[in-house]
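Each number in our numbering corresponds to the 1-based position in the sequence shown with 1 added. The beta-carbon is built from N, C-alpha and C at its ideal position, and this holds for glycine as well. Below: one structure, written as structure tokens.
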Amino acid sequence: VLDVQSNSTNTNIGGAIASYQWLPTANTISTNDLISINVNGSATLANLFNVKNNGSSVFSVSQTAITAALPTSFTAPGDVVMAYDLLFTNQTSSFIKSNGPMTLQAGESFESNNLALSAFNNGNIIMDLASGGVGIGSSITPLGKFDVNGEKTGSALVQFNQTGDQAILVASASGVNRMTILQNGNVG
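This is the structure we're talking about:
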């Protein structure tokens, strides 16, 4: 219905074909939208809004999804909230990176939710540590590659439960077995 086009090479337009501004001269509060796009239930569209670069979509809003085809930066302070899953679709490699210390938390402070790390089929969970360690406990700084510190009332601090037919624990130095705890409890 509305088609605005320009093939002008005049750079005096400030790079804009259209500009929408609301410039009240005093503090003004409105409960209305500056721009509103609405489609009723009888209409089905490819997109409600589509920003293109040289004919290719870089950002679109459809009736069911928002799609951004460019790296996206959220530069304002504060949290990014999602109601459901965060899915990385690159089959080669995906990362969650932080420029500082990072914490993964499950649930809220008044809840007791599990935090699960899982992999499918024969996939592994690998902790790639150059010189640091893994610490289990509150406010622990690992002294070795793997430290467990604290107490578990009414239970051993660490438990191994071998459900197969192999040894429970093998300790080695430079790949040579030094101690083995067998399934029957014998130490060799």
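Cβ pair residue i, residue j closer than 8 Å
{"i": "residue 155", "j": "residue 138", "result": "no"}
{"i": "residue 168", "j": "residue 183", "result": "yes"}
{"i": "residue 21", "j": "residue 38", "result": "no"}
{"i": "residue 118", "j": "residue 126", "result": "yes"}
{"i": "residue 19", "j": "residue 40", "result": "no"}
Rounded Cβ spacing between residue i and residue j (contact assumed at less than 8 Å)
{"i": "residue 108", "j": "residue 100", "result": "Their Cβ separation, rounded to whole angstroms, is 25 Å, which puts residue 108 and residue 100 out of contact at 8 Å."}
{"i": "residue 145", "j": "residue 134", "result": "6 Å"}
{"i": "residue 75", "j": "residue 82", "result": "Not confirmed; about 11 Å, so no contact."}
{"i": "residue 58", "j": "residue 70", "result": "6 Å"}
{"i": "residue 51", "j": "residue 61", "result": "4 Å"}
{"i": "residue 148", "j": "residue 165", "result": "Contact flag wrong, Cβ pair sits at about 27 Å."}
Extent of the continuous beta strand (DSSP E) run through residue i
{"i": "residue 54", "result": "50–54"}
{"i": "residue 182", "result": "177–182"}
{"i": "residue 68", "result": "67–69"}
{"i": "residue 96", "result": "Looking at the DSSP string, residue 96 is not in any beta strand (DSSP E), and its letter there is neither H nor E."}
{"i": "residue 136", "result": "135–137"}
{"i": "residue 174", "result": "170–174"}
{"i": "residue 75", "result": "Neither: residue 75 is in no beta strand (DSSP E) and is coded neither H nor E."}
{"i": "residue 59", "result": "57–62"}
{"i": "residue 148", "result": "147–149"}
Cβ of residue i within 8 Å of any chain D Cβ
{"i": "residue 60", "result": "Structure shown: chain D not included; a single protein chain is present."}
Item checked: Three-pair Cβ contact test at 8 Å for the segment 44–62 versus the segment 21–35 -> No, they do not touch.
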